[in-house]
Each structure stands twice: as structure tokens, then as C-alpha cells.
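>
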Ligand SMILES: *Cc1c(COP(=O)(O)O)cnc(C)c1O
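In our numbering, the protein residues as written are 7 to 399.
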């Protein structure tokens with residue numbers, strides 16, 4: 007029996023383990039000096055001024071929205087082809103959520119649809135306060151164009167770069183925030199590098215960064231210059247508003263720092279594996295999703311689109327792949343079709359491209375330790391699973 011191939015898998019080596027054990031033997035387990043080192047290392051890597059490490063990207067998205075002033079009555083827009091957290095973060099703040107349909111070729115938020123929707127929203131007085139573009143697969147959205155629209159329609163931009171550490175847009179690393187207010191990375195084990203659970207928010211805005219640091223830790227500051235009241239002494243700290251406990255631990259940061267050293271290697275390897283898939287997979291009845299010119303993807307996922315007639319054929323192929331031990335996944339079922347969002351008024355037909363994508367997309371296994379033999383096995387399994395399916399599109 008062949009081994010099960012998941013769609014993604016972390017790689018933790020002996021050096022990672024050594025670094026984590028070192029922290030376990032040190033004075034700090036929770037947020038301490040290693041978290042600060044990790045934040046600095048990320049800033050250096052992505053060319054941002056600030057980095058605020060948190061216990062997940064979900065937490066990072068939440069406090070980014072909060073720090074940018076998102077509240078009840080406001081609108082937050084994101085794409086339906088994402089993990090639910092990109093939308094949920096707006097609801098945590100009491101805001102309304104809406105979606106912008108995707109570009110069917112790239113799977114990313116469509117700039118044309120965004121522009122049309124903004125024009126309509128301006129007329130009805132429902133312009134978004136925040137737009138969250140999602141760099142699906144680690145492929146950056148067209149940030150320059152989104153920024154231009156942000157200047158016209160006065161919204162803030164939070165990049166959901168959960169997939170995208172190590173990726174580039176034009177010449178700058180994703181996370182540099184050249185065209186956004188803040189950028190959020192995830193270090194969940196299926197992502198590019200991991201801290202177990204964890205994430206980070208990057209920004210170049212000093213005030214926003216200070217705000218994020220407080221929100222991650224109960225709304226408390228220990229920074230004497232920032233005190234509202236007279237300082238009572240060195241033991242003093244102030245809670246100035248309601249925050250959360252979203253801190254990362256030094257244990258996690260040690261793993262992250264060690265993993266970060268391998269980032270370039272991991273991203274190169276992922277790009278190579280995708281190139282091999284592109285060469286060996288049968289072209290007649292599948293398409294690869296496209297990476298736009300000028301973007302270096304971190305290739306978090308290898309997404310193909312099956313040329314199938316309907317959802318049933320799509321599901322059958324999934325079933326057959328899983329039976330062969332190939333852990334294919336759908337990234338993502340359109341968020342507006344989740345029962346929770348349907349209860350909030352969204353329905354089938356709202357975002358056609360996203361729904362077509364949801365009927366055709368399939369993520370193939372992609373992680374650094376895959377061998378040529380594995381890739382050929384995936385290819386063989388795909389051909390067998392698609393037998394009898396004619397190319398319909
Ligand atoms: C994984 C993921 C998240 C959530 O990340 P966590 O660190 O697990 O909270 C958010 N958005 C996208 C697009 C993701 O893939």
C-alpha cells in the first residue's frame with residue numbers, strides 16, 4: 007500500500023528542535039526576548055518597519071481590523087475564495103461583510119469587479135472601511151491597483167498573506183506594506199513556515215503598530231511615555247482599552263526563527279515542484295491557476311482546475327483520489343456558501359466566478375519533501391480518477 011500523501015505538511019528538522027529546547031530551558035516561555043528577535047527577523051525579511059507577532063493569523067486579522075477602527079455599521083470586503091477567517095475578522099468587530107468576486111484565471115480578487123462594486127457602493131453610501139485582499143497560494147494580488155482604488159474610495163487595506171511569506175510583488179517582498187496599511191502572515195503547520203500556531207502583522211505605521219501591540223495583550227501598555235495618568239512607579243502598567251491575549255510564546259518564536267532560515271530554500275523547492283507538476287500533468291482536461299506577470303509566488307498550494315461538467319464529477323474525482331491515498335483538498339469552498347454566511351443572507355449565484363472555481367478547483371499535494379516518484383504517482387492517480395470524464399470546457 008502506498009503511503010498517504012497529504013496536501014501539505016510541515017518540515018521540522020533537528021535544528022528547529024534544538025532551538026525550541028533551548029527556550030524550554032530558559033527563563034521565558036511566553037512572550038519574551040525570542041518573540042522580539044523573531045519580529046525583527048521577519049521585518050528584515052519582508053522589509054517592513056514593524057512586526058507584531060500573535061498567536062494566529064486569525065488573531066492578527068482581528069486586531070488589524072480593530073486597530074484600523076472597524077466597528078459596528080462599517081463594511082469589510084474580502085474574496086469568497088479564502089479561508090473563513092478573512093471574513094470572520096470583520097464580524098468580530100461588529101462590521102458587515104461583503105465579498106468581491108474573483109478573477110477566474112488567478113483565483114484572486116478581481117480588480118475590475120472591485121472597481122464596479124466600489125462605484126455602486128459609493129452611490130448607496132455603503133463603501134467599505136477595510137478591504138482584505140487574499141494572496142491565494144502565496145500569489146500576490148495586484149496591490150498597486152488596489153491601493154489606487156483605496157486612495158479614491160478611502161478604504162484601508164489589510165493583506166491576508168497567510169499563504170504568502172517568501173513571495174514577491176514586483177521587486178518587493180510581500181509584507182513590505184508598500185501598498186497596504188497592514189499585512190498578516192500565518193505560521194500554521196500547513197503554511198510555508200511554521201510556529202505550530204502563530205502569525206504576525208507587519209506595518210510601517212508607528213501608531214498602528216503601538217495599537218496592535220496593546221490589542222494583543224489586554225489593551226495594556228508598560229511604556230511609560232504612553233501613560234495617560236501620572237506614573238505611580240516602576241511596577242505600574244495601564245490598561246487603556248479592551249484588548250485580548252493574543253500573544254505568541256517564545257517557544258513558538260524559536261521554532262519560527264529557525265524555520266525562517268530555510269524560507270528561501272522552501273519557497274524555491276515549492277516553485278520547482280509546481281513547475282514539475284506543470285510539465286507532467288495532462289493538459290487536455292485540467293488547467294493550472296495562473297500566476298500573474300511580476301509576481302513571485304511562494305506556492306503555498308498547487309491548485310488545478312478540472313474541466314468537469316458539474317459538481318458531481320468534481321466530487322467523484324476527489325473521492326477517487328482520496329481512495330488512492332492522495333490527500334486532495336478544495337481551497338476553498340466559497341465562503342458565502344458556508345451555512346453560517348448563507349444564514350446572513352448570501353446565496354448561490356451571488357459570486358459566479360467563485361462558484362465556478364469551487365466546482366472545479368483541486369489542491370494537489372505540495373510540500374518540500376515530495377519526491378519525483380510521489381509527483382508521478384499523483385499524476386497517475388489523477389489520470390485514472392478522471393477516466394471517462396471528457397473535457398467539457
Ligand atoms: C490559514 C489561513 C488563515 C488563518 O490562519 P491561522 O494562523 O490558522 O489563524 C487566514 N487566512 C487564510 C487565507 C489562511 O489560509
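For every residue, glycine included, the Cβ atom is placed at its ideal position computed from N, Cα and C.
What are the residues that DSSP puts in a beta bridge with residue 66?
Answer by DSSP bridge pairing: none, since residue 66 is not bridged.
> Verify the contact flag: residue 166, CB atom, against every heavy atom of ligand 1, threshold strictly below 6 Å.
At least one heavy atom of ligand 1 is nearer than 6 Å to the Cβ of residue 166, so yes.
> Return the residue from the list 241, 253 and 202 that minimises the CA-CA distance to residue 225.
Comparing Cα positions, the closest option is 253.
> Once DSSP output is grouped into helix, strand and coil, what is the label at residue 16?
coil
> How would you label residue 386, buried or exposed, when you count the other beta carbons within 10 angstroms and need 16 or more for buried?
So residue 386 ends up on the exposed side.
> Relative to the C-alpha of residue 390, which residue among 346, 336 and 287 is closest?
With distances taken between CA atoms, residue 390 lies nearest to 287 out of 346, 336 and 287.
> Leaving out five residues before and five after residue 128 in sequence, what residues of the same chain have Cβ atoms less than 8 Å from its Cβ?
Taken in chain order, the residues that qualify are 159.
> Which runs of the alpha helix (DSSP H) at least 4 residues long sit entirely within the stretch 24-98? Give them in chain order.
39-52, 63-73 and 91-98
> Quick check on residue 311: does DSSP put it in helix, strand or coil?
strand
> Please confirm whether residue 275 and residue 179 have their CB atoms less than 7 Å apart.
Taking the C-beta atoms as reference points, residue 179 is found no nearer than 7 Å to residue 275.
> Of the choices 148, 176, 177 and 231, whose alpha-carbon is the least far from that of residue 165?
148
> Using only the alpha-carbon positions, how far apart do residue 379 and residue 54 sit?
40 Å
> Who are the near neighbours of residue 256 in its chain, counting only those whose CB is closer than 8 Å to its CB and skipping five residues on each side?
29, 32, 34, 35, 36, 37, 38, 39, 40 and 41
> DSSP beta-bridge partners for residue 191?
DSSP lists 206 as partners of residue 191.
> Helix, strand or coil: how does DSSP classify residue 254 here?
coil
> What three-state label does DSSP hand residue 21 in the structure shown?
helix
> Among 282, 251 and 16, which one has its Cα closest to the Cα of residue 69?
251
> Is it right to say residue 82 is buried, meaning 16 or more other beta carbons lie within 10 angstroms of its own, or is it exposed?
buried
> With DSSP as the reference, label residue 134 as helix, strand or coil.
coil
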